[in-house]
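Its first residue numbered 1, the sequence shown is counted upward by one per residue in the numbering used here. Where a beta carbon is used, it is the ideal one built from N, C-alpha and C, also for glycine. These numbers come from a predicted model, not from an experiment. First up is the structure itself, then whatever we jot down about it.
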Amino acid sequence: MRSLVWFRRDLRVVDNRALFEAAKASTGGVIGLFMITPAQWKEHDDADCKVRFWLDNLAKLSAGLNKLRIPLRIEICDSFADLPTKVLKFAKKYKCSSLYLNREYEVNELRRDDDVAKACERAEVAVHRFHDRVFVPPGEILTKEGKFYSVFTPFRRVWDKRALDYIEMCPKPKKQTAVNIEPSPIPSEIRGFDFTDFRDDLWQAGEKEAQARLQKFSKKIADYNEARDIPSINGTSLLSPYLAAGVISPRQCLVAAVAANRGKIAGGGGATTWISELAWRDFYTHVMVACPRVSMHQPFKLRTRALKWRKSEKDFEAWKLGQTGYPIVDAGMRQLNRTGWMHNRLRMVTAMFLTKNLLIDWRWGERYFMKNLIDGDLAANNGGWQWSASTGTDSVPYFRIFNPFSQSKRFDPDGTFIKMMCPELSDIPKSALHDPKKLSASVKELSLDYHDFVVEYKEGRERALKAFKSLG
Ligand SMILES: Cc1cc2nc3c(=O)[nH]c(=O)nc-3n(C[C@H](O)[C@H](O)[C@H](O)COP(=O)(O)OP(=O)(O)OC[C@H]3O[C@@H](n4cnc5c(N)ncnc54)[C@H](O)[C@@H]3O)c2cc1C
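This is the structure in structure tokens:
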């Protein structure tokens, strides 16, 4: 019996449940398949850097699979709609009697997999689907009333107990019977995507790289509570692109964190806080599955649909380019534009600035992030944006609006990060970076080429409060 493993955002050999199960069950060899779907990726706003990162990881995956005598074949199929025919045709061509895959939970992906499964099963190709992407399967953490948790803290309490049930990793897949099929070459270009600015110095591909990052981070995980909010240092794991592409499994991360935490999942300290971040990742996926409208451009809090967002293309452009006149906001946006990644503290600051101070629709920002992030993930990105815009699950009230100057004073006190991203401010004394009046005076005095405030802080804040208050 020969099996087909369809890889998607699970680009790894180690601890990959679908691959492991296929390798365990097959007697006539295993073939890997990856479908390049350019039109669908465009429709989903997948970033150029993310697609390029997928390709780099496919090359590593193909080499790893080859050692197990599993060829990785790559096919192009513009949209999800054509996949049932295409996957089935592929399975038949290579005489595969089973299809193995890890589940994905976004609306289009769920529908895609159901359609492929139906087509295969009709043609007597058995389909085996596995839960692998988050710890606890969506729908399994429910309140006493059988509802999903819409607030993180009680979710986390239950998650702590349940996640350990899913922590066991898969052993390394065994070497397969040779199938005499060549692996496909990895394309270096994909129609519609531009890889010229990709930072391969920052984002090296492969499971080895992901594991090295995890090991390095595990050694300093105890400092995470203090270090995680300081953008000028590497105080976080920088694993999000690898988790998003499935180059590392969440289980591998949790095992390392629990080991660093003397075998405990909770109990305070840096490791516990980091485990919380993994739980947030699960939480937003669970919310997306329980409430699919959030992934279809709808707010979680329905009453916020009536909010009158400003449609200022000019202000949006200033935000996108990092030209708002607010140093910490500009530094964050420039980090995103230059590297394809942004520090979590700055994601919150920039997202709140757009949706509150500029009163621009969170969906505009969500889309811009998705189009530029190497770790773009629908559930996490949507969750982060709706949190910042006060339209989401969070209980934080709308009147909590970050003051960008207090944020930079707290998290970039010496202006190290700001000056790295905004070199035109290098000669400004640090106190002026965190004080609007001193900033304007210094910019004038030193004749710096730095932008005026896109909106005065107080004016923007009051405009946002008024708009939210009018919702009643
Ligand atoms: C507006 C906004 C948009 C965001 N968009 C994304 C996105 O598209 N993809 C993404 O992976 N994360 C997103 N995040 C969450 C978070 O900013 C990143 O996961 C984090 O900055 C990645 O860096 P790291 O790997 O060093 O994180 P670490 O601090 O080392 O955390 C470890 C892992 O936990 C997960 N994680 C951490 N924080 C969160 C969170 N708040 N929500 C969900 N998962 C989390 C990530 O997988 C991360 O790699 C967003 C946050 C905000 C506020």
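Asked                                                                                                    : Found
Closer than 7 Å: N344 CB and nearest ligand 1 heavy atom                                                 : yes
DSSP-derived helix/strand/coil call for V14                                                              : coil
Helix, strand or coil at F155 [DSSP, three-state]                                                        : helix
With 16 other Cβ atoms within 10 Å as the buried cut-off, status of F53                                  : buried
For G32, the residue or residues it bridges with in DSSP                                                 : V5, L72
7 Å CB neighbourhood of R156 in its chain, flanking five on each side removed                            : S276, A279
Short Cβ contact (8 Å threshold) for L68 with P185                                                       : no
Heavy atom of ligand 3 within 7 Å of Q407 beta-carbon                                                    : The ligand content of the structure shown is limited to ligand 1, which means ligand 3 is not among them.
Nearest candidate by alpha-carbon position, reference D330, set S312, M169, F353, K314                   : F353
Integer Cβ distance of G392 from K308, believed to fall under 8 Å                                        : Contact doesn't hold; Cβ gap of about 19 Å is too wide.
Cα-Cα separation between A290 and V151, rounded to whole angstroms                                       : 13 Å
Residues near L471 in its chain [Cβ-Cβ closer than 7 Å; skip 5 each side]                                : R303, T304, A306, L307
Distance between beta carbons of A18 and N102, contact taken as under 8 Å                                : 5 Å
Under 8 Å between C-beta atoms of E366 and N344                                                          : no
First through last residue of the alpha helix (DSSP H) which encompasses H286                            : 270 to 290
Any non-hydrogen atom of ligand 1 within 7 Å of E348 CB                                                  : At residue 348 the sequence reads Met, which differs from the Glu that was named. M348 Cβ: within cutoff of ligand 1.
Within 8 Å, strictly: CB atoms of V116 and P137                                                          : no
Segment contact flag, the segment 362 to 377 with the segment 417 to 436, C-beta cutoff 8 Å, min 3 pairs : no
R338, DSSP secondary structure in three states                                                           : helix
Beta-carbon proximity check, L321 vs G460, cutoff 8 Å                                                    : no
Range of the contiguous alpha helix (DSSP H) that encloses S218                                          : 207 to 219
Rounded Cβ spacing between L33 and R73 (contact assumed at less than 8 Å)                                : 5 Å
Extent of the continuous beta strand (DSSP E) to which Y100 belongs                                      : 98 to 102
Supposed contact pair G384 and R347 - C-beta distance, whole angstroms, cut 8 Å                          : 6 Å
Rounded straight-line distance, which links the Cα of V294 to that of S97                                : 37 Å
Any non-hydrogen atom of ligand 1 within 7 Å of G383 CB                                                  : yes
As assigned by DSSP and simplified to three states, the class of I181                                    : coil
Alpha-carbon to alpha-carbon, H44 and K86                                                                : 20 Å
Under the three-state DSSP convention, the category V258 falls into                                      : helix
Proximity winner among D201, K216, N57, T350, relative to F405 (alpha-carbon distances)                  : T350
Segment limits, alpha helix (DSSP H) that includes R363                                                  : 362 to 372
The segment 261 to 272 / the segment 209 to 217 touching (three or more Cβ pairs under 8 Å)              : no
Proximity of Q496 and H451 at Cβ, strictly below 8 Å                                                     : Beyond the ends of the chain as shown, which are 1 and 472, falls residue 496; an answer cannot be given.
Three-state class that DSSP yields for L354 in the structure shown                                       : helix
R73 Cβ short of 7 Å to ligand 1 heavy atom set                                                           : no
Whole-angstrom C-beta distance between A91 and V125, which should lie under 8 Å                          : 5 Å
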